[in-house]
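Protein chains in written order, with the working numbering: chain F, 638 to 687; chain U, 12 to 646.
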């Protein structure tokens with residue numbers, strides 16, 4: 638193995654893992670009132686439509 | 012999809028001609044396109060997941076929404092950079108294995124399709140996203156705010172959801188795909204140049220350094236992001252600036268370690284990479300000076316006293332002046348890094364010119380190593396914008412107070428403007444680097460400007476960004492017109508919307524923006540793809556090189572003009588509103604300035620970044636074909 642290969646591999650794994658962990662933590666937060674969730678879902682639905 | 016299929020078949024033709032039919036370039040093109048679209052999707056997913064949670068956080072404390080919004084932005088930044096690194100490194104190792112371990116120098120040219128694919132998807136994401144977002148914004152504002160007199164982000168406005176969707180399409184998906192493409196193409200271009208140095212020195216690290224540097228930037232982003240801890244009463248941008256500075260310092264420290272693997276004279280390449288980072292910071296400072304409340308924006312505010320014409324003139328003047336400092340910063344970084352690289356070459360017995368070019372590669376890599384943290388700050392913008400909208404539409408504005416909403420808005424505008432500045436700087440550096448990679452592919456040794464074909468190529472290239480911008484701006488005008496008609500129709504035909512008794516048809520407005528954006532981006536997209544190919548086959552590889560320089564030189568000036576001028580008009584209007592002069596003649600003049608600037612700063616300007624890199628990527632992929640065709644004509 639070349640000496641720099643572990644740096645590339647570790648940083649990719651670390652970057653993706655931390656991003657997924659942050660996403661999970663955000664998803665566990667309180668999304669607010671029913672109305673707020675409805676608006677957010679409408680924005681999400683609109684985005685998927687694009 | 013049709014464009015993608017046709018291009019894949021055409022690129023496979025290149026594989027048949029040059030790679031014995033093994034689909035190296037066409038497969039990397041497909042993967043680059045898919046990865047870039049995925050980067051855009053991941054960005055939008057993170058933003059829409061976070062927006063309502065950031066709004067909810069505003070009910071709990073004043074600083075929490077900032078932290079939550081930044082977390083969402085960080086998901087975006089980390090994913091985009093990691094996916095780019097994983098894609099380029101993964102393809103490189105796969106092709107290296109398939110080609111035989113002794114043929115490492117040939118591999119970067121096989122991966123170049125990845126950069127082209129990423130560019131193509133980024134162009135459609137940025138251009139389509141820009142048309143979408145501005146059409147929805149203008150439609151929502153003109154009918155909702157001006158005609159019906161309802162506030163911004165009011166749920167009674169039929170275009171309000173399209174407007175909020177647009178924030179994400181333009182700033183998340185568009186910028187995510189733009190920077191994904193920048194770092195991927197820059198990595199591949201650097202590896203192509205590194206392969207030439209490997210052939211001279213047999214040091215494989217010249218090829219791998221771009222990947223190692225990208226990994227170092229990712230670690231710098233992770234460490235820097237820990238410093239985002241907003242304090243009560245402090246402007247949120249201050250904590251993000253701390254994170255940016257911490258990222259720069261950490262990445263600079265790691266770079267010292269990773270450049271030392273070059274051995275003798277490594278310090279020259281290390282300083283070159285630092286020059287790239289300083290150029291990025293200098294561009295940020297310049298953009299902030301021209302777009303925040305300093306001399307230039309105050310000049311526009313003053314000119315509103317004499318009406319819209321002088322407002323437009325002063326905004327244009329600010330936009331035309333704005334490219335000067337960033338251009339000087341980039342040129343100083345490139346010139347000094349070329350000199351330092353040649354010193355590295357002299358010390359190691361390498362041709363100083365080739366080593367000098369590698370010095371500029373180190374500077375570009377240094378600048379783009381900050382992509383992760385910049386994207387995290389950029390992602391904050393649309394999340395904060397949406398959170399602010401949800402606070403208003405969700406009916407919790409009184410509970411959280413307008414102060415939190417204003418702070419979220421103001422910080423979002425600043426981070427978006429900083430990210431755009433960075434995207435512009437990185438586009439210049441990346442396209443100049445890609446140009447060097449093109450020169451390497453077609454083995455051009457000199458450009459003769461007295462030769463008519465070269466001159467024709469140069470001027471054709473200079474004209475392309477103007478044509479492209481014209482189509483983008485017209486597209487916004489046309490789509491906004493459709494949106495305005497639809498919002499008026501709904502107010503007229505659906506009873507009780509303005510009284511809040513009946514819900515508007517939000518989906519119809521989303522549909523109008525989507526369809527129009529998809530339709531309007533076809534012509535400028537196809538012309539951008541075809542122009543370098545036509546010039547390359549008709550006038551030869553040297554003229555195609557001149558064409559690339561023409562596009563870069565005029566495109567970057569135009570991009571700075573439009574992005575900075577547009578942001579300056581926008582902030583002049585906001586300054587007037589904050590100083591309690593809403594509804595006055597000055598405000599009306601400022602609104603006209605802002606409306607003119609909107610498609611410039613959010614549609615045409617950002618799309619030009621991608622155009623610069625796309626034409627270079629097309630030329631790199633087609634370079635060998637240009638060369639073969641022109642040699643066949645010579646017999």
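A virtual CB, placed ideally from N, CA and C, is assigned to each residue, including glycine.
Own chain partners of residue i with C-beta closer than 6 Å, once the 5 adjacent residues on each side are dropped
| i | result |
| --- | --- |
| residue 293/U | 340 |
| residue 498/U | 150, 154, 169, 170 |
| residue 130/U | 192, 624, 625, 628 |
Own chain partners of residue i with C-beta closer than 7 Å, once the 5 adjacent residues on each side are dropped
| i | result |
| --- | --- |
| residue 70/U | 407, 410, 411 |
| residue 144/U | 177, 178, 180, 181, 613 |
| residue 42/U | 98, 102, 125, 128 |
| residue 326/U | 311, 576, 579, 580, 604, 608 |
| residue 445/U | 196, 200, 624, 627, 628, 631 |
| residue 32/U | 26 |
| residue 207/U | 365, 451 |
| residue 402/U | 66, 69, 408, 411, 416 |
| residue 535/U | 138, 479, 482, 483 |
| residue 460/U | 466 |
| residue 122/U | 39, 99, 102, 103, 106, 199 |
Burial state of residue i (16 or more Cβ within 10 Å)
| i | result |
| --- | --- |
| residue 107/U | buried |
| residue 661/F | exposed |
| residue 46/U | buried |
| residue 8/U | There is simply no residue 8/U to check, as chain U begins at 12 and stops at 646 in what is shown. |
| residue 487/U | buried |
| residue 641/F | buried |
| residue 268/U | exposed |
| residue 241/U | buried |
| residue 482/U | buried |
| residue 620/U | buried |
| residue 114/U | exposed |
| residue 198/U | buried |
| residue 477/U | exposed |
| residue 295/U | buried |
| residue 589/U | exposed |
| residue 596/U | exposed |
| residue 111/U | exposed |
| residue 654/F | exposed |
| residue 259/U | buried |
| residue 413/U | exposed |
| residue 680/F | buried |
Residue from the options with nearest C-alpha to residue i
| i | options | result |
| --- | --- | --- |
| residue 287/U | 228/U, 271/U, 323/U | 228/U |
| residue 217/U | 82/U, 310/U, 365/U | 365/U |
| residue 628/U | 582/U, 201/U, 53/U, 219/U | 201/U |
| residue 529/U | 116/U, 154/U, 291/U, 134/U | 134/U |
| residue 668/F | 49/U, 67/U, 560/U | 67/U |
| residue 355/U | 315/U, 278/U, 231/U, 122/U | 278/U |
| residue 397/U | 390/U, 170/U, 175/U | 175/U |
| residue 415/U | 458/U, 346/U, 400/U | 400/U |
| residue 368/U | 567/U, 204/U, 635/U, 428/U | 204/U |
| residue 568/U | 282/U, 595/U, 63/U, 473/U | 473/U |
| residue 160/U | 502/U, 280/U, 285/U | 502/U |
| residue 306/U | 333/U, 219/U, 258/U | 333/U |
| residue 185/U | 63/U, 422/U, 50/U | 50/U |
| residue 470/U | 524/U, 557/U, 243/U | 557/U |
| residue 346/U | 370/U, 78/U, 331/U | 370/U |
| residue 59/U | 671/F, 664/F, 657/F | 664/F |
| residue 616/U | 249/U, 80/U, 189/U | 189/U |
| residue 509/U | 85/U, 167/U, 63/U | 167/U |
| residue 363/U | 214/U, 374/U, 351/U, 537/U | 351/U |
Under 9 Å by beta carbon: chain B residues contacting residue i
| i | result |
| --- | --- |
| residue 219/U | Considering every chain present, this structure includes no chain B. Its protein chains are F and U. |
8 Å CB neighbourhood of residue i in its chain, flanking five on each side removed
| i | result |
| --- | --- |
| residue 650/F | none |
| residue 193/U | 379, 382, 434, 437, 438, 441, 620, 624 |
Original post:
If you scan the segment 99-168 of chain U from start to end, which runs of the alpha helix (DSSP H) of 4 or more residues do you find wholly inside it?
Top reply: Within the segment 99-168 of chain U, the complete alpha helix (DSSP H) segments of 4 residues or longer fall at 118-150, listed in chain order.
Subject >> Complete alpha helix (DSSP H) runs within the segment 328-384 of chain U (minimum length 4 residues, chain order) >> reply: Runs found: 335-359, 363-379.
Original post:
Whole alpha helix (DSSP H) runs in the segment 491-533 of chain U with 4 or more residues, listed along the chain?
Top reply: The segment 491-533 of chain U is shown to contain whole alpha helix (DSSP H) runs of 4 or more residues at 517-531, in chain order.
**OP:** Mind listing, in chain order, the continuous alpha helix (DSSP H) runs of no fewer than 4 residues lying wholly within the segment 391-444 of chain U?
**Re:** The segment 391-444 of chain U contains these whole alpha helix (DSSP H) runs: 408-411.
Subject >> Whole runs of the alpha helix (DSSP H) within the segment 583-642 of chain U, excluding any shorter than 4 residues >> reply: Here the runs fully enclosed are 596-610.
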